Amino acid sequence: MYKSIIKTMKDVPLEEFYTSGHRTCQGCESAMVMRYLAKVAGPRTIVVGATGCMYVANTTYYTTSWVVPWVHTQLGGSGAAALGTSAALRALMRKGKIKEEPINVIVFCGDLGCADMGLSGVSNAMTYDYNLLIVLYDNESSANTDIQETSMTPYGAQTSFSRPGTARRIMKRRWKKSVVPMIIAGHRNIRYAATTTPAYPLDTMNKIKKALEIGGPTFIHSLDPCPKGWDYDPMYSHELGTLSVETGLWPLYEFVDGKLIYNEPTKGIVEGRVKRKPVREYLEKQGRFSHFTEEDYEYFQKMVDEMYTSWEIPGVMPIKSVIK
Amino acid sequence: MAHGEDVKYVEITYRGIFQKRLAKYIAEGLVYMAREMGRSAVSFGRYGDSPERNGVPAKYYVALGSLNEEELIGYSTRVEPETVDVIVVLDDTLLKGVESWAWQGVQPINLKLKEGGAMIVTSTRNLEELVKVTPAKEFRWDMGRINVEKSFSGLWAFKDDMTMERVWGAIAKMRPDIVDLEHVRTYVKEHKKDRVNERLSAVEEAYETLVVKSMAPKEGAEFKYSPPRLLTWQEMMEGAAVPAVPRGGRNEQFKRGTTKTERPTVDFDTCIKCKLCWVYCPDECFDETKDGYYDIAYDYCVGCGICADVCPVKNCIVMVNEGRFKDYRRPYEMWKEDKVAYKSWLKQVREGGVKERVVVPGLGR
Ligand code: SF4
Ligand code: SF4
Ligand code: SF4
């Protein structure tokens with residue numbers, strides 16, 4: 001069905017459409033997702049970016065690292081901007097003002113701009129039949145403006161809003177929200193949604209490719225290790241990405257036309273062939289969890305275990321009704 | 325007398341995020357000490373450096389003078405002061421130039437230094453070596469070196485290794501008109517309750533052992549810098565649109581290679597052309613060569629070390645201290661030119677320039 005799946009590293013297109021000279025942190029994985037996305041989407045693409053790291057870092061005083069057109073929209077405006085851009089392109093083509101051809105519309109928004117305050121707009125965009133892809137780059141905080149808590153911040157993590165206190169060690173007490181299940185459960189018209197992390201480049205690129213080929217409103221949620229917000233040496237970005245999957249905390253899957261497919265190690269984990277690594281291995285490598293005690297590690301592990309032992313759709317969600 | 329002449333500035337140049345708190349605490353201390361000495365003082369970060377990014381050079385300032393604090397704040401509400409009296413450099417690889425925001429270009433580290441000013445560098449390299457990479461000035465000035473490793477930690481962690489105290493001691497030695505030793509001592513005694521004796525001896529030690537060199541006019545490295553001319557609004561494209569990078573190009577106006585403290589060196593003789601370094605580089609630094617190797621655009625590399633981490637061949641990519649390199653010459657072309665010479669060059673730069681990267685989880689504040 002998908003003619004052009006990238007099977008090996010050798011098949012990855014060489015040309016960059018998001019290139020060097022941006023102002024992200026050393027070892028920023030979100031920058032890598034942008035690069036993969038632009039690479040796979042190719043030259044006939046418009047990228048819309050909501051305020052966040054990837055906006056501030058890529059428009060540095062009258063310079064840019066973009067090769068394809070990129071438009072900035074305000075923090076909560078990603079959904080509306082995507083819809084508007086896509087609708088405008090369709091109208092222009094219908095009126096014969098521009099050549100009729102496929103043009104990708106991709107929105108790149110952070111966890112605050114997409115899953116948190118921007119979610120209503122995103123949800124609205126998902127209910128129309130325009131071709132657009134919304135990519136949520138999730139660094140689990142508002143890292144751009146110096147790391148404030150969002151609804152994507154994991155349990156217990158330190159942010160500038162949730163520093164451990166003396167009376168209370170754990171200031172972030174809510175569990176991270178699952179966005180893809182919410183999107184697929186709430187928007188029955190969408191044909192493709194997936195989770196990914198750039199530590200698995202081929203998986204990430206193929207998911208972007210599939211989303212763009214299937215068309216309609218599509219959604220990808222990418223977990224991007226962020227050395228600034230997570231507090232680790234930038235060298236270990238890739239390792240943290242793989243650990244997030246291997247510990248089962250960040251399951252990789254895609255929802256295609258009503259079917260659920262697990263990918264990479266998550267497939268083995270769900271099928272019982274691969275043993276999950278203790279989630280502690282992932283947590284203890286990051287400064288934001290450095291205040292954790294045995295009790296916290298145990299609680300965290302218990303919550304992750306539940307995803308696989310008692311959820312109806314393991315790793316994805318506790319209810320089953322939306323999957324055919 | 326014009327007000328401006330009363331104001332003195334201390335500039336603290338540091339690696340964004342890693343040394344953010346260190347720089348802030350140094351500045352904070354200076355403000356308190358100056359006030360104790362009967363002057364008004366304020367500290368502020370350079371506007372354009374925020375939000376900070378890991379490794380990207382950033383600056384913090386202290387302004388002190390005999391005007392009142394409100395006026396001083398007025399003086400300080402600008403991107404950065406025109407000239408400074410003292411520069412503190414918290415990582416010696418910053419001596420090669422700093423580029424924080426695109427429109428400034430790669431600035432020489434001592435661009436703003438006044439005639440007769442002082443620059444204090446934290447480094448374990450000897451002063452002669454540092455002089456070779458430090459940009460020359462037209463006039464006489466002083467360079468001091470405190471013998472400490474750069475103190476890097478994470479965002480939440482502050483590495484309390486007495487670098488702060490040493491910097492104060494060094495300023496007191498070189499510029500007692502900014503803060504004198506007596507006031508540094510008093511500040512440490514009054515504000516730091518733990519390990520106070522250790523702190524006081526760090527101050528004394530820096531004061532006693534500081535190596536200072538008087539730099540003659542034109543002494544040091546040649547550094548070509550012409551500040552980029554900023555476009556006026558009439559010259560910008562409609563809607564302040566920014567021209568895209570042409571296909572196959574890179575963002576020429578913002579190279580940011582000055583972000584790195586280490587750079588990846590490649591042993592092409594052992595490379596298996598697996599492509600992993602290329603695919604995992606978040607800064608798009610690798611160029612595929614015709615024969616399938618991966619060459620690095622060092623002027624864009626930020627030294628994150630991911631390529632070295634993912635490379636499956638042992639010692640094929642190794643991170644080496646940036647201080648050991650003079651230019652941004654690409655490795656592949658050097659290797660092609662003379663493979664034997666390249667190998668011995670590689671051996672030489674790696675010797676002593678390689679450090680174990682410690683996993684640096686913060687300490688929870
Ligand atoms: S704060 Fe995080 S997401 Fe933002 S540029 Fe830095 S590493 Fe990337
Ligand atoms: S260290 Fe390696 S991965 Fe990091 S920016 Fe430089 S070339 Fe790219
Ligand atoms: S990762 Fe290492 S072995 Fe693979 S292509 Fe790069 S340098 Fe060669």
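Residue numbers (the working numbering), protein chains in the order written: chain A, 1 to 324; chain B, 325 to 689.
We put the beta carbon where it would ideally sit given N, CA and C, even for glycine.
Model, not experiment: these values are computed from the prediction.
Taking C-alpha positions only, PHE108 of chain A is separated from ALA564 of chain B by approximately 21 Å. Within the DSSP bridge table, the entry for THR64 of chain A names A:THR59 as partners. Residue burial is scored here from C-beta neighbours: GLU100 of chain A has fewer than 16 other C-beta atoms within 10 angstroms and is therefore classed as exposed. Contact annotation: in the segment 569 to 581 of chain B, residues whose CB is within less than 8 Å of a CB in chain A are VAL569, PRO570, ARG571, GLY572, GLY573, ARG574, ASN575, GLU576, GLN577, PHE578, LYS579, ARG580.
In the three-state DSSP reduction, TRP425 of chain B falls in the coil class, being neither helix nor strand. Residue state for SER142 of chain A is assigned as strand, using DSSP reduced to three classes. Not one heavy atom of ligand 2 lies closer than 7 Å to the C-beta of GLY241 of chain A.
Residue contact with chain B for ARG94 of chain A: absent (no Cβ-Cβ distance below 8 Å to any residue of chain B).
CA-to-CA, the gap between LYS302 of chain A and ILE269 of chain A works out to about 16 Å. In this structure, the beta-carbon distance from GLY398 of chain B to VAL331 of chain B does not fall below 8 Å. For a Cβ distance threshold of 9 Å, residue set TYR62 of chain A lies close to LEU555 of chain B, ordered along the chain.
Excluding its 5 nearest sequence neighbours in each direction, LEU454 of chain B has C-beta neighbours in its own chain below 8 Å: ASP416, LEU419, VAL445, SER447, MET467, ARG469, listed in chain order. Taken from the Cβ of LYS597 of chain B, at least one heavy atom of ligand 3 lies inside 7 Å.
A straight-line Cα-Cα distance of about 16 Å links GLU439 of chain B and THR458 of chain B. A contact between stretches requires three or more CB pairs, one per stretch, nearer than 8 Å, and the segment 109 to 124 of chain A meets this requirement with the segment 52 to 60 of chain A. Judged by pairs of C-beta atoms under 8 Å, the segment 207 to 218 of chain A does not touch the segment 271 to 283 of chain A, as fewer than three such pairs exist.
Per DSSP, SER123 of chain A lies in no beta strand (DSSP E); the unbroken alpha helix (DSSP H) holding it starts and ends at 119 to 126. In the three-state scheme derived from DSSP, where H, G and I count as helix and E and B as strand, LYS438 of chain B is classed as strand. As for any alpha helix (DSSP H) of minimum length 4 sitting wholly inside the segment 583 to 650 of chain B, the runs are 600 to 604, 630 to 634, ordered along the chain. Residue contact with chain B for THR51 of chain A: absent (no Cβ-Cβ distance below 8 Å to any residue of chain B). Annotation for GLY49 of chain A: the continuous beta strand (DSSP E) segment containing it runs 45 to 50. Residue burial annotation: PRO551 of chain B is exposed, with fewer than 16 other C-beta atoms found within 10 angstroms of its C-beta.
In the assembly as shown, ARG523 of chain B is a buried residue. Its beta-carbon has 16 or more other beta-carbons within 10 Å. For ASN521 of chain B, the enclosing alpha helix (DSSP H) begins and ends at 520 to 533. Between ligand 1 and the CB of ASP623 of chain B, the shortest heavy atom gap is not smaller than 7 Å. Beta-bridge partners of MET467 of chain B (DSSP): B:MET443, B:LYS537.
By the criterion of a C-beta distance shorter than 7 Å, ASP231 of chain A is surrounded in its chain by GLN286, GLY287, ARG288, once the five residues flanking it on both sides are discounted. Rounded to whole angstroms, GLU239 of chain A and VAL603 of chain B show a C-alpha spacing of 15 Å. In this structure, PHE17 of chain A lies near THR45 of chain A, with their beta-carbon atoms less than 8 Å apart. At a threshold of 7 Å, GLY629 of chain B does not count as near ligand 1, since its beta carbon sits no closer than that to any of the ligand's heavy atoms.
Where GLY110 of chain A is concerned, the enclosing beta strand (DSSP E) starts and stops at 104 to 110. Taking a C-beta distance under 8 Å as the contact criterion, TYR549 of chain B and PRO432 of chain B qualify as a contact pair. For the pair VAL634 of chain B and ASP619 of chain B, the Cα-to-Cα distance works out to about 16 Å. Assignment of beta-bridge partners to ILE313 of chain A by DSSP yields A:MET317.
In this structure, ligand 2 has no non-hydrogen atom nearer than 7 Å to the beta-carbon of PRO198 of chain A. Within the same chain, Cβ atoms closer than 6 Å to the Cβ of GLY21 of chain A are found at SER65, the five residues on either side in sequence being excluded.
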